[in-house]
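Below you'll find the structure, written out as C-alpha cells, and then a few comments.
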Amino acid sequence: MPLRANVYIVPPTPWELPNTGGRQGGIWSPTSLTLIHGEKEALLVDTPITIRQTEKLIEWLEETVIGKRLTTVYITHGHPDHWLGLSTLRKKYPDIRILSTTATLEHMKYDVRPGFFENAWGAMFPNGQIDTNFVFSEALPASGRFDIEGHECHAIEVGHSDTRDSTILWVPSLKLVACGDVVYGDVHQMLGEANTTELRNEWISAIEKVEALGPEIVIGGHRMSGEVDGVFHLAATKLYIQQFEKLLPACESSDELQAKMEELYPNRFNPNVLKWGCNAAFGLPMFEGLYWKGVG
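Each position in the sequence shown, counted from 1, maps to that position plus 453 in the working numbering.
Below you can see the structure in the form of C-alpha cells.
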C-alpha cells in the first residue's frame with residue numbers, strides 16, 4: 454500500500470526568560486511534525502516540547518490514523534524543542550522505537566545534562582511543563598536506513614544548519630523530505646548558533662544537499678499553519694541566510710541588522726528569533742538571562 458503523509462503544527466507558545474524571575478521571553482515559533490503512514494503503521498518525525506503540547510499531539514494522532522499503530526519516531530536533531538515530548542509520547546505508545554543518528558543522540562543528552570537543563574530549557578518552560586523523565590533515541594546504523602511497511606526511509610546527515618549535526622528524513626516513495634530545522638517556512642530563522650560566515654555557509658550547503666535529492670514535498674521544521682510544503686522553501690531559506698550575510702558587514706549593531714532584515718522580511722513570524730541571530734553575530738548573548746552559548 455502506498456504511504457501517505459500529514460503534518461501537525463504545534464502552535465506558538467510563550468516561554469520565560471531564564472534567571473529573570475519569570476518574565477516572558479516571547480513566543481516559541483510553531484513547529485511542524487510530520488506523520489508518515491501506510492496500511493497499519495505510522496512514523497512520526499519529531500515531537501513538541503511540553504507535556505500539554507504532546508497530549509494535544511496524541512489527540513490529533515488518534516483522530517488522524519484510526520486503526521493504525523504508531524511504531525516509530527525519528528528525531529531530526531538535538532534541539533530539545535524537537536524531542537522533549539518523547540517521554541509523554543512513550544507513556545501512550547510504550548512500544549514505539551525512537552530513532553536518530555548517533556550525533557543527534559549525543560546532542561540530546563548534552564542538552565539535558567545536570568546543571569544545564571535546569572537553567573536553560575527547564576527555566577524557559579518551568580513549573581512542570583516538561584516531563585523530566587527524559588527518553589532518548591537509539592542510534593541508527595551508519596547507513597541511516599530503516600523502513601515503514603517495506604518503504605525505505607533515509608536519515609541523512611547534512612552538517613550544521615541552525616544547529617550542529619543536523620539531519621533530514623528522506624522518504625523516496627513519497628519524494629518527501631522532513632527537514633527539521635534545515636528548512637524554515639514563513640518564520641524567522643534561528644541564526645544564533647550559525648554565528649559565523651563559515652557556519653552560515655554550512656547551512657547553505659545543507660540546503661543544497663536537500664535540493665540534490667529532487668524532492669517534491671519539503672516540510673520545514675518551523676512554519677506557519679496553512680503554508681504549503683513546497684520546494685520553494687529551499688530557495689527561500691537559503692536566500693534568508695544570504696541576505697543576512699550580505700547586510701551584516703554594513704551594520705554597526707545588532708539592532709541595525711535586525712531592522713534591515715525586518716525591512717526585507719516584514720511578514721515573517723517571530724522577530725524575537727531574528728534578534729537572537731543578530732545578537733550572536735555581534736558576539737552578544739542571544740537573549741536576556743542567557744549565560745550559555747547558543748540554545749544547546
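We treat Cβ as the ideally placed atom computed from N, Cα and C, and that holds for glycine.
Since this is a predicted model, take the numbers as computed values, not measurements.
Is residue i helix, strand or coil by DSSP?
i	result
proline 625	helix
glutamine 642	coil
proline 724	helix
isoleucine 549	coil
serine 707	helix
glutamate 469	strand
methionine 739	coil
histidine 490	strand
isoleucine 660	helix
serine 430	With the chain covering only 454 through 749, there is no way to say anything about residue 430.
alanine 665	coil
glutamine 477	strand
tyrosine 718	coil
glutamate 680	coil
histidine 607	strand
isoleucine 511	helix
In or out: residue i buried (at least 16 other Cβ within 10 Å) or exposed?
i	result
alanine 595	exposed
methionine 561	buried
alanine 573	buried
isoleucine 694	buried
valine 463	buried
tyrosine 718	buried
tyrosine 563	exposed
phenylalanine 722	buried
threonine 649	exposed
valine 748	Interpretation of valine 748 is limited by its pLDDT of 48, a score under 50 that renders its predicted location unreliable; the figure taken from the coordinates is listed afterwards. Buried: at least 16 other Cβ atoms inside 10 Å.
glutamate 516	exposed
proline 483	buried
isoleucine 519	exposed
arginine 598	exposed
alanine 703	exposed
valine 681	exposed
alanine 688	exposed
Checking 8 Å against the spacing of the C-beta atoms, do residue i and residue j come in under that value?
i	j	result
threonine 529	leucine 593	no
leucine 539	threonine 500	yes
asparagine 472	alanine 576	yes
methionine 714	glutamine 696	yes
isoleucine 670	lysine 628	yes
cysteine 800	glycine 673	A query on residue 800 cannot be resolved here, the shown segment of the chain reaching from 454 to 749 and no further.
valine 663	valine 635	yes
glycine 531	aspartate 618	yes
tyrosine 446	tryptophan 536	Because the chain spans 454 through 749 in this model, residue 446 falls outside it and cannot be assessed.
valine 640	histidine 613	no
alanine 698	arginine 653	Looking at the sequence shown, residue 698 is not alanine but glutamate. The answer is yes: Cβ separation under 8 Å.
tyrosine 527	leucine 644	no
threonine 541	glutamate 571	no
tryptophan 656	alanine 647	yes
serine 590	histidine 604	no
Take residue i and list the residues in its own chain whose beta-carbon comes closer than 8 Å to its own, dropping the five residues that flank it on each side.
i	result
glutamate 602	Met454, Leu456, Gly491, Glu492, Lys493 and Glu494
arginine 543	Ile549, Ile551 and Val588
tryptophan 468	Gln477, Gly478, Gly479, Ile480, Trp481, Met577 and Phe578
threonine 524	Glu494, Ala495, Leu496, Asp548, Ile549, Arg550 and Ile601
serine 706	Phe735
Under the assumption that residue i contacts residue j (Cβ atoms under 8 Å), give the Cβ distance between them as a whole number of angstroms.
i	j	result
tyrosine 637	threonine 557	Wrong, their Cβ atoms sit about 19 Å apart, outside the cutoff.
aspartate 584	isoleucine 504	5 Å
Tell me which residues share the same chain as residue i and place their Cβ nearer than 6 Å to its Cβ, disregarding the 5 neighbours each side in the sequence.
i	result
lysine 728	Gln711
isoleucine 511	Lys545
valine 684	Val671
valine 565	Phe587
proline 533	Asp564 and Trp574
glycine 730	Leu644 and Gly645
Contact criterion: CB-CB distance below 8 Å. Does residue i meet it with respect to chain D?
i	result
arginine 653	Considering every chain present, this structure includes no chain D. It has just one protein chain.
Go through its chain and collect everything with a Cβ distance to residue i's Cβ below 7 Å, but skip five positions before and after it.
i	result
threonine 487	Ala458, Val460, Val498, Ala631 and Ile672
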